[in-house]
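The structure under discussion appears below in the form of structure tokens.
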Amino acid sequence: VTAEDVRWSFERATNPLTEAPNVDQYLGDIEGVDDKVAGDALEISGVRVIDERTIEITIDQAKSYFLAKLTYPTAFVLDQENIEANPKNWFRKPNGTGPFRMTEYKVGETLVLSRNDGYHLGPPKLAEVEMILSGGTSMLMYENDEIDVAGVGLADLDRLLDPTHSLNAELRRAPPSFSVQYIGLNVNEPPLDDLKIRQALNLSIDKQEIASIVLGDQVVPASGILPPGFPGFNEAVSGYTFDPDRAKRLMEESKYGNNLDNIPPITITTPGSFGANVSLDMEVVLQMWEKNLDIRAEFQQTEFATFLKDLNKRRFQMFDIGWIADYPDPENFLDILFYSESSNNHTNYSNPEVDALLEKARVETDETLRFSIYSEVEQMILDDAPWIPLWYSGERYLLVKPKVQDYIQTPLIIPRLRHVYLTDE
């Protein structure tokens, strides 16, 4: 890999014809990227090759999280020859520099990684890793010794936690992912344009009941936006606890009043197959709104690709989705998702005070002060209620064969495979 490879990859990512998603979010700190993405420049002014092994990147302001952003796929370094030789299907056998190379990819079926003997830190211990992408069969495949690692769902967990179960000794705990599940509220769409309606919808959901009874305590009720353990997480930041009486009062105080006929219909959209059953947790949320507020919300599902397209165009009145950290910095949640001009702000939320604080936090070099600013921002966002934070990831469980050694899961969910090896059982 040379500095020219890095420059070429950045130029390709920011080319409007590439249509790279979120390129403005993850490379937009570099001088000249906005002009390139807008089609007003042919090259990125802030990227310069010094020599074969040195590249100079100039960003608009000093930002402590910038290098972390370069771990996002938009900034991945690509092989120009590999792409130009097969521009439509290069991604099926990309040429990378990591410990493994993807040598086979069947959409919705399998993905195969093979050892890269030329890896700069030395080749990995495994010759090959095969990932099964088809859902619904991993538990059976694990029990039949067809795979070595399998995630454990709620339906199987109770029996596996039984010490007498034959697979109990192979059950491993993994740390909660840095993620939050939430319902996004389009603040421009009636009746969600009224703050008191948004707050009432928050207050009328008993998250603890859903987490315990419906989801088997596999999630943690969310009190805010940043997940526990994440840099900048602050227990003092407070969201909404279950309070149906206060929710009703807020409904009455809203501009729509206590007359339900005045409240426009509400539709919540989630990704999924058209006509599929509503997930049990969302079904309970809808029941709680009806019970506590007399609001009947409609539910619709769209295919995932269509869902993402409509989400990015801010077409939904209300939507159920999650966010997993791309890198360990509060900017990745609070700025990326709530800054007024952010392409990932899917709720149309806009607060000039929040924007000003986010801009201040971007360039603050004192981490303690920067995190304090983010805590203030998080509280302001929660008070404005463009989201209904539902739950954080709980402790995760995996089944791992005894022969698999040094298989480590992290809160950023990407497994570390370079040091994994197999032993004789």
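My numbering applies: residue 18 is where the sequence shown begins, and numbers increase by one.
Quick reminder that beta carbons are idealized off the backbone N, C-alpha and C, glycines included.
| Counting along the chain, where does the alpha helix (DSSP H) carrying S26 start and finish? | Sequence index remark: in the sequence shown, residue 26 carries index 9 (1-based). Here the alpha helix (DSSP H) through S26 covers A20 to T31.
| request: If I'm right that Q216 touches L267 with Cβ under 8 Å, what's the distance once you round it to whole angstroms? | output: Taking the first residue of the sequence shown as 1, we reach residue 216 at position 199. Taking the first residue of the sequence shown as 1, we reach residue 267 at position 250. Sure, about 5 Å apart at Cβ, within 8 Å.
| Roughly how many angstroms lie between the CA atoms of P111 and I61, to the nearest whole one? | As a first step, residue 111 must be located in the sequence shown, where it is residue number 94. As a first step, residue 61 must be located in the sequence shown, where it is residue number 44. Cα to Cα, P111 sits roughly 24 Å from I61.
| Is the CB-CB distance between L202 and L209 below 7 Å? | Taking the first residue of the sequence shown as 1, we reach residue 202 at position 185. Taking the first residue of the sequence shown as 1, we reach residue 209 at position 192. Against a cut-off of 7 Å, the Cβ pair of L209 and L202 comes out as a contact.
| query | At which residues does the beta strand (DSSP E) containing W107 begin and terminate? | reply | Residue 107 sits at position 90 when you count from the first residue of the sequence shown. Counting along the chain, W107 falls outside any beta strand (DSSP E), and DSSP gives it neither H nor E.
| said: According to DSSP, V295 sits in a beta bridge with which residue or residues? | reply: Translated into positions along the sequence shown, residue 295 becomes position 278. Looking at the DSSP assignment, V295 forms no beta bridge with any residue, so it has no partner.
| message | Can you tell me which residues form a DSSP beta bridge with R65? | response | Counting from one through the sequence shown, the residue named residue 65 turns up at place 48. BP columns for R65 point to E73.
| said: So if DSSP puts Y82 in a beta bridge, which residue, or which two residues, is it bridged to? | reply: Locating residue 82 in the sequence shown gives position 65, counting from the first residue. DSSP output for Y82 lists no bridge partner at all.
| message | What residue range does the alpha helix (DSSP H) around R176 cover? | response | Translated into positions along the sequence shown, residue 176 becomes position 159. Per DSSP, R176 belongs to the alpha helix (DSSP H) from L171 to L178.
| Sufficient close CB pairs (3 or more, under 8 Å) joining the stretch 360–372 to the stretch 307–326 | no
| query | What are the start and end residues of each continuous beta strand (DSSP E) run of 3 or more residues lying completely inside the stretch 257–291, in chain order? | reply | 283–288
| said: Taking a contact to mean a Cβ-Cβ separation below 7 Å, would you say L415 touches R109 in this structure? | reply: As a working mapping, residue 415 is identified with position 398 in the sequence shown. As a working mapping, residue 109 is identified with position 92 in the sequence shown. Not a contact, by the Cβ cut-off of 7 Å.
| said: Within 10 Å of its beta-carbon, does N309 have 16 or more other beta-carbons around it, so buried, or fewer, so exposed? | reply: In the sequence shown, residue 309 corresponds to position 292, counting from 1. With 16 or more Cβ atoms within 10 Å of its Cβ, N309 is classed as buried.
| request: Could you check which residue in K377, I405, I222 and P33 has the C-alpha nearest to that of P212? | output: By one-based count along the sequence shown, residue 212 stands at place 195. Going by the sequence as given, residue 212 is Leu instead of Pro. Ranking K377, I405, I222 and P33 by Cα distance to L212 puts I405 first.
| query | For I457 versus A322, is the C-beta distance shorter than 7 Å? | reply | The first residue shown for the chain is 18 and the last is 442, placing residue 457 beyond what the model contains.
| task | Taking Q216 as part of the alpha helix (DSSP H), name the residues at either end of that continuous run. | result | By 1-based counting over the sequence shown, the position of residue 216 is 199. Per DSSP, Q216 belongs to the alpha helix (DSSP H) from L212 to L220.
| Among V197, D311, H363 and P345, which has the Cα closest to the Cα of G411? | Numbered from 1 along the sequence shown, position 394 holds the residue referred to as residue 411. When each option's Cα is compared against that of G411, the closest is V197.
| task | With a threshold of 6 Å, establish whether the CB of P288 neighbours any heavy atom of the ligand PLP. | result | This structure lacks the ligand PLP, and indeed carries no ligand of any kind.
| Could you give the residue range of the alpha helix (DSSP H) that holds Y424? | Against the sequence shown, residue 424 aligns to sequence position 407. Counting along the chain, Y424 falls outside any alpha helix (DSSP H), and DSSP gives it neither H nor E.
| said: With a threshold of 8 Å on Cβ separation, who are the neighbours of I72 within its own chain once the five nearest residues in sequence on each side are excluded? | reply: Position 55 of the sequence shown, counting from 1, holds the residue named residue 72. Once the five neighbours on either side are set aside, the close Cβ partners of I72 are A20, V23, R24, V64, R65 and V66.
| query | Which first and last residues belong to the alpha helix (DSSP H) in which Q42 is found? | reply | Against the sequence shown, residue 42 aligns to sequence position 25. It spans V40 to L44 - the alpha helix (DSSP H) in which Q42 sits, taken as one unbroken run.
| Between the CA atoms of F27 and I74 - distance to the nearest angstrom | Here the question's residue 74 lines up with position 57 in the sequence shown. Here the question's residue 27 lines up with position 10 in the sequence shown. Distance between the alpha carbons of I74 and F27: 11 Å.
| message | Using the Cβ count rule (16 or more neighbours within 10 Å means buried), how would you classify Q334? | response | For this step, residue 334 is matched to residue 317 along the sequence shown. Classification for Q334: buried.
| According to DSSP, residues forming a beta bridge with I452 | Absent from the model: residue 452. The displayed extent of the chain is 18 to 442, so no value can be given.
| message | With a threshold of 7 Å between beta-carbons, can V94 be considered close to chain B, or not? | response | This model lacks chain B altogether; it includes just one protein chain.
| field | Under the three-state DSSP convention, the category P90 falls into | value | Against the sequence shown, residue 90 aligns to sequence position 73. Of the three classes helix, strand and coil, the one that applies to P90 here is helix, per DSSP.
| Going along the chain, which residues of its own chain have a beta-carbon closer than 6 Å to the beta-carbon of P403, five neighbours each way excluded? | Numbered from 1 along the sequence shown, position 386 holds the residue referred to as residue 403. If we look at P403 and ignore the five residues flanking it on each side, its Cβ neighbours are L202, V204, T364 and Y366.
| Thinking C-beta only, is S194 closer than 7 Å to I353? | Residue mapping note: residue 353 aligns to position 336 of the sequence shown, counting from 1. Residue mapping note: residue 194 aligns to position 177 of the sequence shown, counting from 1. Cβ atoms of I353 and S194: not closer than 7 Å.
| request: Verify whether the separation of the beta carbon atoms of E395 and G256 is less than 7 Å. | output: Taking the first residue of the sequence shown as position 1, residue 395 is located at position 378. Taking the first residue of the sequence shown as position 1, residue 256 is located at position 239. It is not a contact, given that the beta carbons lie outside the stated cut-off.
| query | In the structure shown, what three-state DSSP assignment does A102 receive? | reply | Sequence index remark: in the sequence shown, residue 102 carries index 85 (1-based). Here A102 sits in helix by DSSP.
| Residue ranges of each alpha helix (DSSP H) within the stretch 310–376, 4 or longer | 321–329 and 348–355
| What span of residues does the beta strand (DSSP E) with Y391 cover, start to end? | In the sequence shown, the residue the question calls residue 391 occupies position 374. Premise fails: Y391 lies in the alpha helix (DSSP H), E384 to D401, not in any beta strand (DSSP E).
| task | Quick one: grab the DSSP three-state call for Y122. | result | For the purposes of this step, residue 122 is taken as residue 105 along the sequence shown, with counting starting at 1. Three-state result, Y122: strand.
| Would a C-beta distance cut-off of 7 Å place A239 and Y409 closer than the cut-off? | As a working mapping, residue 239 is identified with position 222 in the sequence shown. As a working mapping, residue 409 is identified with position 392 in the sequence shown. A contact, by the Cβ cut-off of 7 Å.
| request: Compute the distance between the beta-carbons of E126 and S151, then report whether it is under 7 Å. | output: Looking up residue 126 in the sequence shown gives position 109. Looking up residue 151 in the sequence shown gives position 134. Cβ atoms of E126 and S151: closer than 7 Å.
| task | Tell me, to the nearest whole angstrom, how far the beta carbon of A85 is from that of Y43; I am working on the premise that it is less than 8 Å. | result | What you label residue 85 is simply residue 68 of the sequence shown in a count that begins at 1. What you label residue 43 is simply residue 26 of the sequence shown in a count that begins at 1. That belief does not hold up - the Cβ atoms of A85 and Y43 are roughly 10 Å apart, past 8 Å.
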